[in-house]
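Here the sequence shown is numbered in our numbering, starting from 682 and rising by one per residue.
Beta carbons are placed, not taken as given, at the ideal position from N, Cα and C, and that holds for glycine.
To keep things clear, I will list the structure first and then write my remarks on it.
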Amino acid sequence: MVVCVCNAIRESQLRDVARSGQLRCAKAAYAQLGRKPKCGQCLSFARNIISDAAATA
């Protein structure tokens with residue numbers, strides 16, 4: 682599923698980044714992917730994905 686339309690970031694990409702490091706912040710995950718949040722509408726969903734992936738890791 683596409684999480685961020687502005688940056689074409691998929692849920693799987695965010696989960697991979699969250700599992701690979703100690704990220705707790707959506708902006709840090711975006712930076713790890715070489716992107717920045719643009720409109721910001723996806724950040725709350727991205728935070729949920731990151732915290733979920735961190736909890737299951």
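Query	Result
Complete alpha helix (DSSP H) runs within the segment 704 to 732 (minimum length 4 residues, chain order)	707 to 713
Cα-Cα separation between Val698 and Cys706, rounded to whole angstroms	11 Å
Three-state class that DSSP yields for Val684 in the structure shown	strand
Beta-carbon contacts of Leu724 that lie in its chain and below 7 Å, excluding the five residues immediately before and after	Ala707 and Pro718
For Ala727 and Leu704, believed in contact at Cβ under 8 Å, the rounded distance	Contact flag wrong, Cβ pair sits at about 10 Å.
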